[in-house]
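In the numbering used here, the protein residues as written are 2 to 373.
These notes concern the structure reproduced below.
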Ligand SMILES: Nc1ncnc2c1ncn2[C@@H]1O[C@H](COP(=O)(O)OP(=O)(O)O)[C@@H](O)[C@H]1O
Ligand SMILES: [Mg+2]
């Protein structure tokens, strides 16, 4: 897969392309961290026509899917899509309104205790005890889950090593960075050796370096243990790199479910061209749409256009020529393969990153020093 970039104003392109602003999503699947799953693996999770209503409001609306043993399965969607509600139902934390969920062969509604024994859960909010040390936080959970003393010691030592916190074992949790706390919670969720691991937005709010560290840790853990992972995220690059399959959820409904490759292949047009023009004429969008191979054009304000095309190089040439002829002054142009962002737009008619800008307007900016 090819991804090339012609850039005359690098800062500009980064500002306008939220999906690549963190610098890790271009050509993301080339750096894929997921392993293969046997086609005949049994189901670890089966969700059938599940519904959650709060009064008149339907938070999860008739969703069905199955997750295979050993799979990393992603629930991808904007804030309010119903991801946490789904996880809470699957992990026995809230009652199901209608439909059913089976986890490790146990019905969530009828046999919640059996489900609880086989799962590890990392909720969306950070929940480790700030006044305890790293090791104490792990120990408390291991005791809570009745892990025998000898096994407890081994498991904690092994997990501390895996999440790279061995030298912080005696540090008070309040002194850890957000990324380290997340890693501590991942270790904590695994002290009782669960078979199925649920993680609700494990990297939200982390800087890009810490996010990649969390992905690598999850992959390393999965390589060592026989684990099925269900993860929710609103980061498309995260879903793309980490997950074997992705369910896109929007307004409580399942809108698409497949491997990242198949989802991208389902969108007409195989390349995305993002081009920034200084003085585009009023009918520029229509002119771009009329070029051979172009399947859709989005005018992203400020002279930025996002063009999906079946012929990346042909359309690029056409666009450059058209810009020269009309004097539309091409400032930047990038070409890449279809991303999950395009998949989201295709299935929902909206951009996930726009949803996130709205939802996360209050989030404090990351420390600039942490950006790669
Ligand atoms: N306890 C609740 N009572 C009423 N509405 C709720 C409750 N929990 C969640 N919701 C609503 O359900 C929808 C889905 O929420 P949630 O599952 O948290 O979404 P996500 O995790 O995808 O951001 C949202 O509109 C949210 O406001
Ligand atoms: Mg949530």
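Glycine included, C-beta positions come from ideal geometry on N, C-alpha and C.
Is there at least one non-hydrogen atom of ligand 3 closer than 8 Å to the beta-carbon of residue i?
{"i": "residue 84", "result": "Ligand 3 is absent from the structure shown, which contains only ligand 1 and ligand 2."}
Please state if the CB of residue j and the CB of residue i are separated by a distance shorter than 9 Å.
{"i": "residue 1", "j": "residue 185", "result": "Any answer about residue 1 is impossible in this case: the structure gives the chain only from 2 up to 373."}
{"i": "residue 120", "j": "residue 225", "result": "no"}
{"i": "residue 60", "j": "residue 83", "result": "yes"}
{"i": "residue 281", "j": "residue 221", "result": "no"}
{"i": "residue 51", "j": "residue 100", "result": "yes"}
{"i": "residue 188", "j": "residue 163", "result": "yes"}
Please report the straight-line C-alpha distance between residue i and residue j, rounded to a whole angstrom.
{"i": "residue 200", "j": "residue 128", "result": "13 Å"}
{"i": "residue 155", "j": "residue 43", "result": "30 Å"}
{"i": "residue 350", "j": "residue 246", "result": "21 Å"}
{"i": "residue 304", "j": "residue 338", "result": "21 Å"}
{"i": "residue 346", "j": "residue 263", "result": "15 Å"}
{"i": "residue 181", "j": "residue 268", "result": "37 Å"}
{"i": "residue 259", "j": "residue 77", "result": "12 Å"}
Quick check on the DSSP output: the alpha helix (DSSP H) that includes residue i runs from which residue to which?
{"i": "residue 138", "result": "135-145"}
{"i": "residue 114", "result": "113-119"}
{"i": "residue 289", "result": "285-290"}
According to DSSP, is residue i part of a helix, a strand, or is it coil?
{"i": "residue 262", "result": "helix"}
{"i": "residue 238", "result": "helix"}
{"i": "residue 314", "result": "helix"}
{"i": "residue 174", "result": "helix"}
{"i": "residue 162", "result": "helix"}
{"i": "residue 109", "result": "coil"}
{"i": "residue 85", "result": "helix"}
{"i": "residue 225", "result": "helix"}
{"i": "residue 179", "result": "helix"}
{"i": "residue 1", "result": "Residue coverage of the chain in this structure runs from 2 to 373, which leaves residue 1 outside it and unanswerable."}
{"i": "residue 93", "result": "coil"}
{"i": "residue 340", "result": "coil"}
Hey, could you find the ends of the beta strand (DSSP E) residue i is sitting in?
{"i": "residue 100", "result": "99-104"}
{"i": "residue 196", "result": "Neither: residue 196 is in no beta strand (DSSP E) and is coded neither H nor E."}
{"i": "residue 148", "result": "Run containing residue 148: none; DSSP gives neither H nor E here."}
{"i": "residue 54", "result": "44-55"}
{"i": "residue 277", "result": "272-278"}
ask   = Counting Cβ pairs closer than 8 Å, one from the region 224-239 and one from the region 316-323, do we hit at least three?
value = Below 8 Å, too few C-beta pairs join the region 224-239 and the region 316-323 to call them touching: fewer than three.
ask   = Would the region 276-288 and the region 328-348 be scored as touching if the rule is three or more Cβ pairs under 8 Å?
value = Yes: the two stretches touch, three or more of their Cβ pairs being nearer than 8 Å.
Three-pair Cβ contact test at 8 Å for the region 245-261 versus the region 64-82 = Touching, yes.
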